[in-house]
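Quick notes on the structure that follows.
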Amino acid sequence: MQSWFITGTSSGFGRILTEKLLARGDRVTATLRKPGPLDDLAERYPHALHVALLDVTDTAAVRRAVDDAFARMGRIDVVVNNAGYGLFGAAEELTDEQIGHQIATNIRGSIDVVRAALPHLRAQGGGRVIQISSAGGQLAHPGFSLYHTTKWGIEGFVEAVALEVAPFGIEFTIIEPGATKTKFGEGLVMPEPMAAYDETPVGAMRRGAGGAPFGRQGDAGRSADAIIASVEVKPAPRRLVLGSSAHTRIREALEKRLAELDAQKDIAFAADADE
């Protein structure tokens with residue numbers, strides 16, 4: 098039996114992970130912003146599930162929730178940073194408030210959960226942190242500039258922190274699912290569209306023609322199973338790509354970047370100072 102702390106459990110991966118973990122006998126502290134979505138699970142698993150209300154944009158509340166969870170459970174084996182949402186629109190369409198909230202939720206919220214958990218994980222001699230990112234953490238689509246900002250940003254944070262805390266037995270895995278059959282699209286925030294972008298790739302994405310680039314959708318249940326199974330892998334995989342479309346598109350993006358890098362080798366080396 099393992100103990101888990103999971104943010105953003107009202108739907109999507111957070112809800113599915115919570116269901117599967119409870120069904121197999123694990124203990125879960127599950128956070129969500131509003132009461133209700135986990136009432137059925139709380140009734141079914143009264144001794145294994147603790148539900149806590151948490152808005153990850155509230156830094157002080159994040160620290161209290163994490164501290165309370167470790168105090169209550171004694172030990173937490175896995176921390177899952179799942180809370181987040183998508184913001185779609187051309188960069189100049191987005192409002193200041195929308196930009197601020199996207200960054201506060203998807204980047205700062207995840208950072209605060211990790212920072213709050215690290216002292217506890219060190220004290221108990223290690224643990225695993227699962228960071229839910231996206232295939233969009235390694236590639237980009239028009240109209241998702243701020244969403245990509247948060248995913249590329251949090252992946253850089255995890256890469257560095259993983260190196261910092263490896264000596265304490267704390268390991269990280271970044272989860273990079275492609276388009277998956279969850280309710281992610283229903284929670285998409287969109288600003289008022291500008292006519293100037295109607296006949297651009299952003300406009301095409303907005304009309305729904307942009308669905309094709311995402312490719313075949315992944316299965317949320319199978320993806321959750323892979324996330325759970327990854328916790329047993331030693332050493333922890335730094336990244337876990339989920340979905341055939343995600344794998345294909347990430348590989349294409351990496352190959353293109355490598356080709357561009359190699360084409361600039363002479364320029365790069367010529368910029369060195371003389372010895």
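For the sequence shown, the numbering used here assigns the number 98 to the initial residue and increments by one for each residue that follows. Glycine residues also receive a C-beta, built at the ideal position from the N, C-alpha and C atoms.
Environment of residue i [buried if 16+ CB atoms lie within 10 Å]
i	result
M98	exposed
K248	buried
D123	buried
E273	buried
E372	exposed
F366	exposed
A364	Reading off the sequence, residue 364 comes out as Ile, not Ala. With fewer than 16 other Cβ atoms within 10 Å, it is exposed.
I103	buried
Q361	exposed
S341	exposed
R141	exposed
E190	buried
T192	exposed
S320	buried
L218	buried
Chain-order list of residues whose beta-carbon lies under 6 Å from that of residue i (same chain, five-residue window excluded)
i	result
V255	Q228, F269 and I271
D295	none
R160	A213
A263	none
Beta-bridge partners of residue i, as assigned by DSSP
i	result
I267	G224
N178	Q228
F102	T126 and V176
V159	Its beta-bridge partners do not exist; DSSP assigns none.
I272	I229 and L337
V148	A127
V210	Looking at the DSSP assignment, V210 forms no beta bridge with any residue, so it has no partner.
T277	G315
V255	For V255, which the question treats as bridged, DSSP gives no partner whatsoever.
Spatial neighbours of residue i in its chain, beta-carbon cut-off 7 Å, leaving aside the 5 residues before and after
i	result
I208	F254
Neighbourhood of residue i by C-beta distance below 8 Å, restricted to the same chain and skipping five residues each side
i	result
R112	T106, P134 and L135
Beta-carbon separation (whole angstroms), residue i vs residue j, contact threshold 8 Å
i	j	result
A120	T154	The pair is not a contact, with the Cβ atoms about 31 Å apart (cut-off 8 Å).
Y244	Q199	7 Å
D152	R130	5 Å
I204	G250	5 Å
L355	G275	Not a contact, Cβ separation roughly 21 Å.
A232	I347	6 Å
Short CB-CB distance (under 8 Å) between residue i and chain B
i	result
K331	The structure shown contains no chain B; it holds only a single protein chain.
- Message: Using a Cβ distance threshold of 8 Å, determine whether the segment 284-295 contacts the segment 179-186, with at least three qualifying pairs required.
- Response: yes
- For the segment 347-367 against the segment 234-249, are there 3 or more C-beta pairs whose distance is under 8 Å? yes
- Query: Counting Cβ pairs closer than 8 Å, one from the segment 209-223 and one from the segment 318-337, do we hit at least three?
  - Reply: no
- Query: Is there contact between the segment 173-181 and the segment 204-215, where contact requires at least three CB pairs shorter than 8 Å?
  - Reply: yes
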